[in-house]
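Peer 1: Following this message is one structure expressed as structure tokens.
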Amino acid sequence: MEHSENAHSSQELSAQTARSMTATSNSIVNRPVFMPETFTGSGRDWSDWSQQFEMAAEVNNWNGDLKLKFMSLLLSGRARDVFCGLTIEDRSSYAKLKEALSKCFDPCESEDWNRASLSASEQGVGVFLSARVGGKVCDLLLDTGAQVSVVSKEFWQKATNGGSELVPYLGKVSVADGGQMNIVGKWSTVCQIEALALATDFLVADIPLQEIILGTDFLRKFGAVIDLNTRCCTLMGKSLPLQLDLQ
Numbered sequence: 001m002e003h004s005e006n007a008h009s010s011q012e013l014s015a016q017t018a019r020s021m022t023a024t025s026n027s028i029v030n031r032p033v034f035m036p037e038t039f040t041g042s043g044r045d046w047s048d049w050s051q052q053f054e055m056a057a058e059v060n061n062w063n064g065d066l067k068l069k070f071m072s073l074l075l076s077g078r079a080r081d082v083f084c085g086l087t088i089e090d091r092s093s094y095a096k097l098k099e100a101l102s103k104c105f106d107p108c109e110s111e112d113w114n115r116a117s118l119s120a121s122e123q124g125v126g127v128f129l130s131a132r133v134g135g136k137v138c139d140l141l142l143d144t145g146a147q148v149s150v151v152s153k154e155f156w157q158k159a160t161n162g163g164s165e166l167v168p169y170l171g172k173v174s175v176a177d178g179g180q181m182n183i184v185g186k187w188s189t190v191c192q193i194e195a196l197a198l199a200t201d202f203l204v205a206d207i208p209l210q211e212i213i214l215g216t217d218f219l220r221k222f223g224a225v226i227d228l229n230t231r232c233c234t235l236m237g238k239s240l241p242l243q244l245d246l247q
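Its first residue numbered 1, the sequence shown is counted upward by one per residue in the UniProt record's numbering.
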């Protein structure tokens, strides 16, 4: 009787060992054939990286759940900050995650997405959002009369503890009186507005600015809709409270 019980136990142990070996074997077989490099949010276009990711997913035979996990793991730097600022809904599936990241890193060309209000100056109202740029608390002036988004050199130095690497900018930026703005370079950082973490490029200007200017490059990219009646601004479909400064 005892021998029978021992034999039965040995059979169970053998079955468990076999399952363990099978799981280990499957793990080895399913090891990725090709792994894309990490995406940092700068230095490479999102569309180019996401296409390579799709090809890797096909080669590795990843399903939707695996694509969601691997895409989440392959984000670093600014891209990781943006990912952490997305809603739980945006991170619930691969399709929703890819769509949300595409809106952050690639300008959308559709008319419905590229909407912006009349310039605040035309309505005699200064329109602001409270935010963090580069981790520093600030006010953002929404100005559809400006084509580019601008921060002062002083703010950039404070936010980066003395300065950080800038991308050279060869264009010219005019100010309201017709003069030229002295641009030091282009700063890639994260603009945090409540739960939204948006990868943003600012021109760093060597002029005194009391606030950060969000131009139409930012407003069009993230689908800004400004409603002065309800004092709300919608970005990426999310409603945010506005601060109004009557002029």
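All residues carry an ideal CB built from backbone N, CA and C; glycine is no exception.
Being a predicted model, the structure only gives us computed values, none of them experimental.
(1) Output yes or no for whether 8 Å exceeds the beta carbon distance between residue 142 and residue 233.
(2) Quick one: give me the first and last residue of the beta strand (DSSP E) that residue 147 is part of.
(3) Residue 46: which of 82, 202, 91 sits nearest, CA to CA?
(4) With residue 187 as the anchor, note down where its beta strand (DSSP E) starts and where it stops.
(5) Going by DSSP, what residues sit across from residue 245 in a beta bridge?
(6) Residue 195: which of 84, 185, 147 sits nearest, CA to CA?
(7) State the DSSP-derived secondary structure class of residue 167, mapped to helix, strand or coil.
(8) Excluding the five sequence neighbours on either side, which residues of its own chain have a C-beta within less than 7 Å of the C-beta of residue 175, listed in chain order?
(9) May I ask you to list the residues that DSSP assigns as paired with residue 131?
(10) Between residue 102 and residue 68, is the Cβ-Cβ spacing less than 8 Å?
(11) Given a cut-off of 8 Å on the beta-carbon distance, is the pair residue 236 and residue 218 in contact?
(12) My output table needs one value for residue 224: the three-state DSSP class, helix, strand or coil.
(13) For residue 14, does the count of other Cβ atoms within 10 angstroms reach 16, so buried, or fall short, so exposed?
(14) Whose C-beta lies closer than 7 Å to the C-beta of residue 185 among residues of the same chain, with five residues either side of it excluded?
(15) Could you tell me if residue 153 is buried or exposed, where buried requires 16 or more neighbouring beta carbons within 10 angstroms of its beta carbon?
(16) Nearest CA to the CA of residue 149: which residue from 131, 52, 163, 200?
(17) DSSP puts residue 217 in a beta bridge; with which residues?
(18) In terms of alpha-carbon separation, which member of 44, 35, 129, 144 lies closest to residue 192?
Peer 2: Checking against the coordinates, here is how it stands:
(1) Contact flag set, yes.
(2) Annotation for residue 147: no beta strand (DSSP E) segment contains it, and DSSP assigns it neither H nor E.
(3) Of 82, 202, 91, the residue nearest in Cα terms is 82.
(4) Its beta strand (DSSP E) spans residues 183-193.
(5) Partner(s): 126.
(6) Looking at the Cα atoms, 84 is the closest of the given residues.
(7) Annotated three-state conformation of residue 167 is strand, per DSSP.
(8) Same-chain partners within the cutoff: 181.
(9) Residue 131 pairs with 138.
(10) No; because the gap between Cβ atoms is not below 8 Å, this pair is not in contact.
(11) Going by C-beta atoms, residue 236 is not nearer than 8 Å to residue 218.
(12) Three-state result, residue 224: coil.
(13) Annotation note: pLDDT 44 at residue 14 (below 50); position unreliable, coordinate value reported separately. Answer is exposed; the Cβ neighbour count stays below 16.
(14) Within the same chain, residue 185 has close Cβ partners 166, 167, 168, 169, 204.
(15) Under the 10 Å beta carbon count, residue 153 is surrounded by 16 or more other beta carbons and is classified as buried.
(16) Relative to the Cα of residue 149, the nearest Cα in the group 131, 52, 163, 200 belongs to 200.
(17) According to DSSP, residue 217 bridges with nothing at all.
(18) Answer by Cα proximity: 129.
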